[in-house]
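Shown next, in structure tokens, is the structure this report addresses.
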């Protein structure tokens, strides 16, 4: 392509690439999909009917399965999606038939500071406009299903407060006696609307709801997203939705969506979300987009279903797991792979000189502020010291039985000597190593990475879980804290201890996965601690239970379910050309 | 069709009809649309590219233009959409090539008590499931655009509260100094979530927003819906969105979406909503679905764009206007037709024996409660007395220069003598009259109605507005109150007087339309007054200004922007069959 990312904005490159995009039905046919398996969504997109494809192609897929993860990132991100797209393009460049699988972005970050998360430069997923603006409606459907549950819950609480049992009985309702202080769900919105984080609802008269504390969370953090990411099929989705616990009654018993008789209607809203959307890289390789990016309550990565489809339609399936390997890869490994039955043939660990310098002691990196000069000039010492963080993540991946491919995502400010430092560290830890320049040069720039991935994927695998489901929860948490985060141990605060005791006696909890909540900005629970922190213990404050998703969620540190919009958000620069209808300014 | 509406639920009839539905691309081709003018949305739906069609077919459309309105309804509704579908089917039965145009329903009523609003019995718009569950995403896009504006507004208020001018300047922001007591917009949700009607937001710390009163409104009542219904094209949409006033600053000056630099991004969300969705009746006639049902702040009917498309693609275009003729038809007449430049060739006024009996003094009709026996047995006196309401609406339609077709929407409990009473009243008022049994018998049952409409549409028209835009606002309101509602006059409360005085000196206001807010359950402002109330004056409490829509909104009585969910809502009975994926229980 004659596109120069050093001179063009990402959306300008995307628009230019979209001019010669492969028609989506042709792209689908090229990977063996039949017309009746497509659900067209606009002129440029199609959903893929997961049921028809899986019925036609039962058994396991044959693609090599690759996960892209990263070292602990700066708050700017280290180009994991860009590298995922770059690897798909690079595999194309060396003659493979790759398929990508990434999560849909949240509108919150897209319209705030972080941008579209479609990759960047010459390694992007297109078309960018629908990708950034709701895609094929899955997140909207989820917002609706989520808020219908909250509507049902709050309306029921109002009716039970206003009416006696006889009046309730006339509507064929029995009193659920929900405790207003024990409502576990919040409302959902997919924007960074911090003013809705903590609110009081139900003000006014008795027909205006019951007055109580409430709040909103970003839709992609909904338990429904966690469910979508792991659901096997519509029946499984239906059953998981029915198990969601929205609140507790005054006797401490769970109140579910099924108790409110809203589970069927929620499933009706969610019915089409199970079908992943098919898109493409700027170089025309297929990419499935599915599920969402919030790696706390949900796994924060593309779905089991998208991976099951993709593994049947190409010779390489490349997916990514959010944040650093301590968060994203650990969930890919012990949650997603357990649900999908798939095992990775290779794992790519993305690093940047910028992030390594930060881990080596470089000045703070803050979104929206100019980068310190340290990050633009050669500094071998900072890079070398920062490689301790890289080493920790290499060890994590190796613990899963897979030898990682360290990918240095090349910036034009990198020096050859800096890159050499990273190569030595990677090789000293027995990892593959590749420098990749996909941002600058697209698939051609990712040949070295693609070849390293090919070599890694040929190695015989020995993939194994960090823990078995029989492992008691306390032990699981300690394993993750010690072996993955590098903590000396774990302390459980009283609330967490109380929940632990209760969960130890809960037979259902024993078969549930563990989905840790921790900052992604440090290996520890403290985002300020960079590099490879030592001599610390992980404080677990609480343990949340998501029965629909089937996740136990130990909470180490704060969990912000609704990010805030900054003072210079992206929406200021987004506009539509009224003559062409094209959207400008996305990034 | 071998479908019996007395034995089957609406959704069962819809499902059966969907089995033999015309493929949407064939239906589109049948009305002369070209493949490149279609934007497929799923397997069963397509949006129609308004720009391409209007560019190909400039000039005026040639279809006869028919509006369906009604007498003052009971809270159950009198089957206006059912009659609209019935008329389209009836026109098909007598050999015409009709096109329908109705509004998308709101999820609020669909999941609450009122149901899907797709018609009923053998006169329905299909496929019912997507129709009831978000269709092609227009309302979701609107919810997103609306809430992005609120996110921008509240984030800005927080930042201005926390930061000094120097810090704001670093983000290239100047202080807007928004008055927290003068925020005119609320947040949007498309469910009947009464607990969100009155809320306090921004609780917590200084990064959690500025604490203030706020609330939610149902999305279909958003100013954005008013804009969508009247927008000419993308440029017009863009310009109208930029003019929306979200709040007032501490000096009383308006704060617009453009001041917040969020107007472009809002338009980006709304860009695809301008293309109407093409559906069909259960008998295979084309139906455009566009815009929304809330006839207060918005016009509550399908859009100008859908009518402009439809009038080019058939020989009859049948649309409907919400609520009774005093609300819906008055807005169709003086707002929508003024924006579209179209004039109706015939107006159908739907009446039912049930509603006429209520207006004649029958007992209260309440949703969810069994109907009194009076409504099931012959009672000529109640019908006769109730016809005063019918007469008032006939006079309203005639005032627009059109001779109405009174359509008695037949119920199986009607007696011949009761129907004869209505016929006589209609004919005494020089209106056409037809009994229609489309609910029971589909298009065949609507032949009499279709023939009456054909005859009415052949009459030379004399369509004229009730007022010209030069008419001062006070006079316009008095004209509507006296000539349409039958009031003795209007009283303006102090707040309304103050706004009137201000608007009289506002040159922009003089070119804006008037969109009255009044209950639809009475010709007066008091929902309890049935029949044709006399000896009353209309109290105007406030006058709202919607600069984006270009509407002045005099408020007579309360305006409920967020309905409440009842104790026996529809979602209790909605479910998905996990084996077929079909949604059951919609109505």
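Residue numbers (my numbering), protein chains in the order written: chain A, 613 to 1199; chain D, 613 to 1199. Positions of the beta carbon are idealized from the N, C-alpha and C atoms, including for glycine. Given the structure is predicted, the values throughout are model-derived calculations rather than measurements.
Excluding the five sequence neighbours on either side, which residues of its own chain have a C-beta within less than 8 angstroms of the C-beta of residue i, listed in chain order?
i, result
"residue 983/A", "966, 977"
"residue 694/D", "731, 732, 733, 735, 736, 1021, 1050, 1051"
"residue 768/A", "785, 788, 790, 872"
"residue 979/A", "687, 688, 725, 726, 1178"
Please list, in chain order, all residues of the same chain as residue i whose beta carbon is under 6 angstroms from its beta carbon, the five residues on each side excluded.
i, result
"residue 1001/D", "683, 684, 971, 1143, 1144"
"residue 839/D", "852, 1160, 1161"
"residue 671/D", "none"
"residue 1203/D", "For residue 1203/D there is no data in the structure shown, the boundaries of chain D being 613 and 1199."
"residue 1069/D", "676, 957, 958"
"residue 798/D", "827, 828, 829"
"residue 818/D", "774"
"residue 795/D", "859"
"residue 1188/A", "1195"
Helix, strand or coil: how does DSSP classify residue i here?
i, result
"residue 1077/D", "coil"
"residue 844/A", "coil"
"residue 794/A", "strand"
"residue 636/D", "helix"
"residue 859/D", "strand"
"residue 1009/A", "helix"
"residue 1020/D", "strand"
Pull up the DSSP beta-bridge partners for residue i, would you.
i, result
"residue 806/A", "Answer by DSSP bridge pairing: none, since residue 806/A is not bridged."
"residue 889/A", "659/A, 901/A"
"residue 770/D", "The partner list for residue 770/D (beta bridge, DSSP) is empty, contrary to what the question assumes."
"residue 623/A", "Bridge partners of residue 623/A: none, in fact."
"residue 813/A", "824/A"
"residue 799/A", "828/A"
"residue 1199/D", "Its beta-bridge partners do not exist; DSSP assigns none."
"residue 1187/D", "1196/D"
"residue 676/D", "928/D"
"residue 1151/D", "1103/D"
"residue 1167/D", "1129/D, 1154/D"
"residue 783/D", "Residue 783/D is not bridged to any residue."
Looking only at its chain, what residues have a beta carbon closer than 7 angstroms to the beta carbon of residue i, apart from the 5 residues adjacent to it on each side?
i, result
"residue 617/D", "625, 733, 734, 1051, 1052"
"residue 947/A", "911, 1125, 1127"
"residue 1075/A", "955, 956, 1012, 1013, 1014"
"residue 1183/D", "723"
"residue 758/A", "800, 831, 834, 836"
"residue 895/D", "701, 704, 1054, 1055"
"residue 644/D", "925"
Are the CB atoms of residue i and residue j nearer to each other than 9 angstroms?
i, j, result
"residue 751/A", "residue 904/A", "yes"
"residue 874/A", "residue 761/A", "yes"
"residue 1136/D", "residue 1150/D", "yes"
"residue 1047/D", "residue 996/D", "no"
"residue 742/D", "residue 656/D", "yes"
"residue 673/A", "residue 920/A", "yes"
"residue 572/A", "residue 755/D", "Since the displayed chain A opens at 613 and closes at 1199, residue 572/A lies outside it and no answer follows."
"residue 563/A", "residue 659/A", "Since the first residue of chain A shown is 613 and the last is 1199, residue 563/A is not available in this structure."
"residue 1058/D", "residue 898/D", "no"
"residue 1017/A", "residue 928/A", "no"
"residue 1005/D", "residue 937/D", "yes"
"residue 738/D", "residue 633/D", "yes"
"residue 999/A", "residue 962/A", "no"
"residue 1154/A", "residue 1087/A", "no"
How would you list, in chain order, the residues of chain E whose beta-carbon sits under 9 angstroms from the beta-carbon of residue i?
i, result
"residue 1020/D", "The question asks about chain E, but that chain is absent: this structure's protein chains are A and D."
Ignoring anything shorter than 3 residues or poking outside the stretch 696 to 760 of chain D, list the beta strand (DSSP E) runs there in chain order.
-> 710 to 714, 735 to 738
Which ranges would you report for the alpha helix (DSSP H) in the stretch 1106 to 1144 of chain A if only whole runs of at least 4 residues count?
-> 1106 to 1116
Write down every uninterrupted run of the beta strand (DSSP E) in the stretch 1025 to 1108 of chain D whose length is 3 residues or greater and which is fully enclosed by it, in chain order.
-> 1044 to 1048, 1101 to 1104
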